[in-house]
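Protein chains: 2
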Amino acid sequence: MNQVTPWEVKGDIDYDKLIKEFGIKELKELPKEFNDNVLFRRKKIFAHRDMQRILEAIRDKKPFAMMTGLMPTGKFHIGHAILAQQMIFYQKLGAKVYIAVADVEAYHARGQSLEESKKIAIEEYITNYIAMGLDVKKCELYFQSNRSNDSKKSNAFYRLQNLLAGHVTFNEFKAVYGEITPGKMLSGLMQAADMLHAQLPEFEGTMPVIVPVGVDQDPHLRLARDMTKRIKAYKFVQLSSTYHVFVPGLNGGKMSASDPNSYIALTDDAKTIKKKVNKYAFSGGKETVEEHREKGGDPDIDVSYQWLTFFEEDDDKLKEIYDKYKAGDLLSGELKAILIEKLTETIGGYQSKRTEAQKTAEKLFKI
Amino acid sequence: MNQVTPWEVKGDIDYDKLIKEFGIKELKELPKEFNDNVLFRRKKIFAHRDMQRILEAIRDKKPFAMMTGLMPTGKFHIGHAILAQQMIFYQKLGAKVYIAVADVEAYHARGQSLEESKKIAIEEYITNYIAMGLDVKKCELYFQSNRSNDSKKSNAFYRLQNLLAGHVTFNEFKAVYGEITPGKMLSGLMQAADMLHAQLPEFEGTMPVIVPVGVDQDPHLRLARDMTKRIKAYKFVQLSSTYHVFVPGLNGGKMSASDPNSYIALTDDAKTIKKKVNKYAFSGGKETVEEHREKGGDPDIDVSYQWLTFFEEDDDKLKEIYDKYKAGDLLSGELKAILIEKLTETIGGYQSKRTEAQKTAEKLFKI
Numbered sequence: 001m002n003q004v005t006p007w008e009v010k011g012d013i014d015y016d017k018l019i020k021e022f023g024i025k026e027l028k029e030l031p032k033e034f035n036d037n038v039l040f041r042r043k044k045i046f047a048h049r050d051m052q053r054i055l056e057a058i059r060d061k062k063p064f065a066m067m068t069g070l071m072p073t074g075k076f077h078i079g080h081a082i083l084a085q086q087m088i089f090y091q092k093l094g095a096k097v098y099i100a101v102a103d104v105e106a107y108h109a110r111g112q113s114l115e116e117s118k119k120i121a122i123e124e125y126i127t128n129y130i131a132m133g134l135d136v137k138k139c140e141l142y143f144q145s146n147r148s149n150d151s152k153k154s155n156a157f158y159r160l161q162n163l164l165a166g167h168v169t170f171n172e173f174k175a176v177y178g179e180i181t182p183g184k185m186l187s188g189l190m191q192a193a194d195m196l197h198a199q200l201p202e203f204e205g206t207m208p209v210i211v212p213v214g215v216d217q218d219p220h221l222r223l224a225r226d227m228t229k230r231i232k233a234y235k236f237v238q239l240s241s242t243y244h245v246f247v248p249g250l251n252g253g254k255m256s257a258s259d260p261n262s263y264i265a266l267t268d269d270a271k272t273i274k275k276k277v278n279k280y281a282f283s284g285g286k287e288t289v290e291e292h293r294e295k296g297g298d299p300d301i302d303v304s305y306q307w308l309t310f311f312e313e314d315d316d317k318l319k320e321i322y323d324k325y326k327a328g329d330l331l332s333g334e335l336k337a338i339l340i341e342k343l344t345e346t347i348g349g350y351q352s353k354r355t356e357a358q359k360t361a362e363k364l365f366k367i
Numbered sequence: 001m002n003q004v005t006p007w008e009v010k011g012d013i014d015y016d017k018l019i020k021e022f023g024i025k026e027l028k029e030l031p032k033e034f035n036d037n038v039l040f041r042r043k044k045i046f047a048h049r050d051m052q053r054i055l056e057a058i059r060d061k062k063p064f065a066m067m068t069g070l071m072p073t074g075k076f077h078i079g080h081a082i083l084a085q086q087m088i089f090y091q092k093l094g095a096k097v098y099i100a101v102a103d104v105e106a107y108h109a110r111g112q113s114l115e116e117s118k119k120i121a122i123e124e125y126i127t128n129y130i131a132m133g134l135d136v137k138k139c140e141l142y143f144q145s146n147r148s149n150d151s152k153k154s155n156a157f158y159r160l161q162n163l164l165a166g167h168v169t170f171n172e173f174k175a176v177y178g179e180i181t182p183g184k185m186l187s188g189l190m191q192a193a194d195m196l197h198a199q200l201p202e203f204e205g206t207m208p209v210i211v212p213v214g215v216d217q218d219p220h221l222r223l224a225r226d227m228t229k230r231i232k233a234y235k236f237v238q239l240s241s242t243y244h245v246f247v248p249g250l251n252g253g254k255m256s257a258s259d260p261n262s263y264i265a266l267t268d269d270a271k272t273i274k275k276k277v278n279k280y281a282f283s284g285g286k287e288t289v290e291e292h293r294e295k296g297g298d299p300d301i302d303v304s305y306q307w308l309t310f311f312e313e314d315d316d317k318l319k320e321i322y323d324k325y326k327a328g329d330l331l332s333g334e335l336k337a338i339l340i341e342k343l344t345e346t347i348g349g350y351q352s353k354r355t356e357a358q359k360t361a362e363k364l365f366k367i
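Respectively, the protein sequence lines represent chains P and L. Under my numbering, the letters of the first sequence match residues 1 to 367, in that order. Under my numbering, the letters of the second sequence match residues 1 to 367, in that order.
See the structure below:
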């Protein structure tokens with residue numbers, strides 16, 4: 001699948017294909033608690049499958065779960081924060097939150113040891129989840145390589161992974177993963193077990209499960225949905241999913257852990273944030289101040305503005321920035337200064353909680 | 001691999017290949033306790049890999065383990081008894097005995113539910129192991145789908161299965177399993193984890209492990225040995241293995257659970273044993289009594305005689321039967337009568353213990 005950039009997504013051919021061929025649907029008519037959230041209100045989370053089940057569960061105060069995972073590599077950056085915000089959002093709505101540390105996948109995909117994965121998962125990901133407001137004590141937060149301290153749960157989880165293999169073909173795996181290896185296949189089956197196992201009797205029992213993913217992840221959902229339909233040994237409620245756009249890379253490309261100039265990490269200090277944004281943020285401004293004043297900037301391609309659409313919650317303020325930038329009243333440097341202030345405030349807020357958060361994370365996994 | 005019948009095995013091309021290309025070795029110069037056992041003394045167990053490690057452990061009274069599995073399908077018959085005898089043999093020699101009920105494999109290979117596998121495993125296999133003399137309370141006897149009541153053990157076992165996938169290719173799987181499916185691949189990885197996990201720190205720790213198998217199973221051992229060498233996250237002592245011939249089918253073909261005339265089950269009563277042997281046992285005798293008296297029978301192709309080589313422990317008695325049959329002094333009907341008596345005595349002995357044995361088996365798995 002092609003890279004789906006946030007400002008292209010509506011017109012993107014693959015998006016059309018997803019809607020027409022695979023039946024994902026635009027998210028609309030959401031209840032107030034969803035629209036209170038910037039990600040839903042601004043259609044950063046823009047499409048879904050079977051979301052109705054989740055909305056009904058929330059409306060009827062019935063149990064439901066949210067499942068997501070993290071690949072424990074690199075720095076935790078603001079791209080990852082989007083998913084963390086959704087964890088916190090659903091937890092506050094009453095979801096049982098399941099979070100898989102994909103250390104088995106990291107072993108196969110990156111050759112990363114389980115020890116290294118554990119270290120990164122705790123120091124980078126889990127610590128920041130907690131700092132951002134996730135109550136990890138109320139989560140089922142686990143490592144793929146070490147599912148539970150309860151043997152019934154562990155056995156049930158890995159049993160599901162093993163049995164799922166009977167309900168999928170190699171060609172279906174190839175369609176999703178490209179060149180397929182035994183390691184990738186195990187990771188894929190593990191991922192399906194991650195998504196489905198909350199519904200096992202050893203865990204929550206049958207209930208709707210929402211899996212929020214980036215729009216490029218839909219093939220994985222389709223694979224898991226196919227297995228869900230076919231496996232007769234279990235009765236699962238079919239998975240629900242939502243699809244979110246990506247936070248664009250700071251320098252205008254894709255945000256990537258291997259390119260530090262493409263992201264702001266949650267550990268970046270105020271000085272680094274200021275330096276990175278000023279130096280690397282892809283600008284929609286004109287070449288000269290004069291030209292910019294005359295013709296105005298283009299907020300739709302300006303990364304500083306795009307980032308503000310994720311982090312500036314005040315719609316009026318955001319609209320004012322958009323209009324002023326487009327009119328040429330706001331210069332690129334000024335727009336960057338607004339972003340720097342916002343990021344410093346937001347990330348600084350998280351950072352003030354990191355020391356305590358890391359203690360909680362380490363205690364949780366007995367380090 | 002071609003079918004390797006017990007009386008062909010020495011001259012069989014595949015056996016030569018195993019020795020020349022793959023390096024399995026003839027078993028010789030065994031210590032007394034091995035030669036006291038009919039299976040070793042008569043070269044029913046005829047070849048090995050890395051057996052020296054096991055012999056040294058026994059000699060030095062160092063810990064070692066024996067690992068084997070059972071596919072819970074069909075009736076437990078005297079073909080299966082050969083493996084059970086080896087479990088008991090090694091247990092008495094001080095081995096920690098690991099036995100896997102291959103219910104995940106049965107799910108993938110036969111579409112058999114875990115519940116059905118559990119029932120058959122307990123009623124047929126485990127009950128008979130106990131009746132034959134295995135102390136299951138001192139075994140690590142487990143279901144692949146439900147490794148342990150200790151979460152540390154379960155996690156460690158399935159973790160190993162998952163990580164092993166990173167150290168094998170699809171082509172290597174294909175070479176062993178032929179047409180490969182995701183289910184077969186998971187079963188294969190599970191089997192390798194079965195063989196290796198006794199050495200994990202959560203189980204016995206590093207130690208020699210003997211895996212006794214039928215000679216057709218060597219490709220599975222080679223696959224597991226390759227993974228053992230490659231996986232760096234663990235340090236294993238390379239697996240040891242022995243290779244045994246098959247008990248020939250009663251009617252002269254392969255002994256098969258799908259052909260009741262090819263085997264005697266451990267639940268067959270005296271009347272059934274008599275009827276089956278008289279009616280179906282492939283004979284090496286001549287067409288008429290006169291011709292037999294004159295030319296003699298051929299014990300080397302006579303299934304009754306062949307079976308006696310597994311069950312009649314007295315070498316002198318066996319030689320006498322061989323000589324008399326070959327000389328024509330013993331008729332086919334008389335030879336069959338000797339076998340019937342031996343089987344009735346042996347199996348009857350097991351059957352007298354079955355009721356108690358089944359209670360033990362059911363209690364062990366809380367049924």
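Just so it is clear, CB atoms sit at the ideal spot from N, CA and C, and this is done for glycine as well. Computed from a predicted structure; not experimentally measured.
L/His244 versus L/Gln351, L/Ser145 and L/Lys25, residue with shortest Cα-Cα distance:
L/Lys25
Between the region 133-147 of chain P and chain L, which residues of the former have CB atoms less than 7 Å from a CB of the latter, in chain order?
Ser145, Asn146 and Arg147
Under 7 Å from any heavy atom of the ligand ATP, does the C-beta of L/Phe236 make it?
Of the ligands one can find in the structure shown there are none, so the ligand ATP has no counterpart to examine.
With which residues is P/Asn37 paired in a DSSP beta bridge?
Per DSSP, none; premise fails for P/Asn37.
Beta carbon of L/Ile54 nearer than 8 Å to that of L/Phe46
no
P/Arg354 versus P/Phe157: straight-line alpha-carbon distance, rounded:
32 Å
Where does P/Tyr322 sit, in a helix, a strand or coil, going by DSSP?
helix
If I measure Cβ to Cβ from P/Ala233 and keep anything under 8 Å in the same chain, skipping five residues before and after, which residues do I get?
Leu163
Are L/Leu335 and L/Val289 closer than 8 Å when you measure CB to CB?
no
Who are the near neighbours of L/Thr206 in its chain, counting only those whose CB is closer than 8 Å to its CB and skipping five residues on each side?
Gln199, Lys235, Phe236 and Val237
Identified DSSP bridge partners for P/Ile340:
DSSP, once it has assigned bridges, lists no residue as partnering P/Ile340.
Can you list, in chain order, the residues of the region 41-70 of chain L whose Cβ is nearer than 7 Å to any Cβ on chain P?
none
In the structure shown, what three-state DSSP assignment does P/Arg42 receive?
coil
Bridge-paired residues (DSSP) for P/Pro212
P/Thr242
Using C-beta distances below 8 Å, list every residue in its chain close to L/Gly79, excluding the 5 sequence neighbours before and after it, in chain order.
Phe246, Val247, Met255 and Tyr263
Partner residues on chain L for P/Phe170, Cβ-Cβ distance less than 8 Å
Ile180, Thr181 and Pro182
Hey, quick one: how far does the beta strand (DSSP E) through P/Gly183 stretch, first residue to last?
No beta strand (DSSP E) holds P/Gly183; the alpha helix (DSSP H) holding it covers Pro182 to Leu196.
Considering Cα atoms alone, identify which of L/Tyr325, L/Tyr98 and L/Glu291 is closest to L/Asp302.
L/Tyr325
Sequence-distant residues of its chain with Cβ nearer than 6 Å to P/Ile210 (five each side left out):
Ile54, Met66 and Ser240
Would a C-beta distance cut-off of 8 Å place L/Ile432 and L/Lys274 closer than the cut-off?
Since the first and last residues shown for chain L are 1 and 367, residue 432 of chain L lies out of range.
In whole angstroms, give me the CA-to-CA distance for P/Arg42 and P/Asp60.
26 Å
Could you work out which residues of chain L lie near P/Arg110, taking near to mean beta carbons separated by less than 7 Å?
Within chain L, no residue comes near P/Arg110; the closest Cβ sits about 11 Å away, beyond 7 Å.
Which residue comes first and which comes last in the beta strand (DSSP E) that contains L/Leu141?
Glu140 to Phe143
Over the uninterrupted beta strand (DSSP E) stretch that includes L/Met67, give me the two end residues.
Ala65 to Leu70
What number of angstroms, rounded off, separates the C-alpha of P/Val9 from the C-alpha of P/Asp16?
Residue placement at P/Val9 is poorly supported in this model, since its pLDDT is 38, which falls under 50; the coordinates still yield a value, given next. C-alpha separation (whole angstroms): 9 Å.
For a contact meaning CB atoms closer than 7 Å, what does L/Asp150 contact in chain P?
Ser151
Locate the beta strand (DSSP E) running through L/Tyr368, then write down its first and last residues.
Outside the shown range of chain L, which is 1 to 367, sits residue 368 of chain L, and nothing can be said about it.
In three-state DSSP terms, what is L/Ile231?
coil
Quick check on the DSSP output: the alpha helix (DSSP H) that includes L/Ala81 runs from which residue to which?
Ile78 to Lys92
Measuring only the C-alpha atoms, how far is P/Phe34 from P/Ala81?
17 Å
Beta carbon proximity, P/Leu223 to chain L, threshold 8 Å:
no
Between L/Glu202, L/Lys32, L/Leu18 and L/Val176, which has its C-alpha nearest L/Arg49's C-alpha?
L/Leu18
Cβ-Cβ distance between L/Met51 and L/Leu83 below 8 Å
no
Taking DSSP as the reference, what is the three-state secondary structure of L/Asn162?
helix
Exposed or buried, which one is L/Lys359 when buried takes at least 16 other CB atoms within 10 Å?
exposed
What's the gap between the Cα of L/Gly133 and the Cα of L/Gly348?
14 Å
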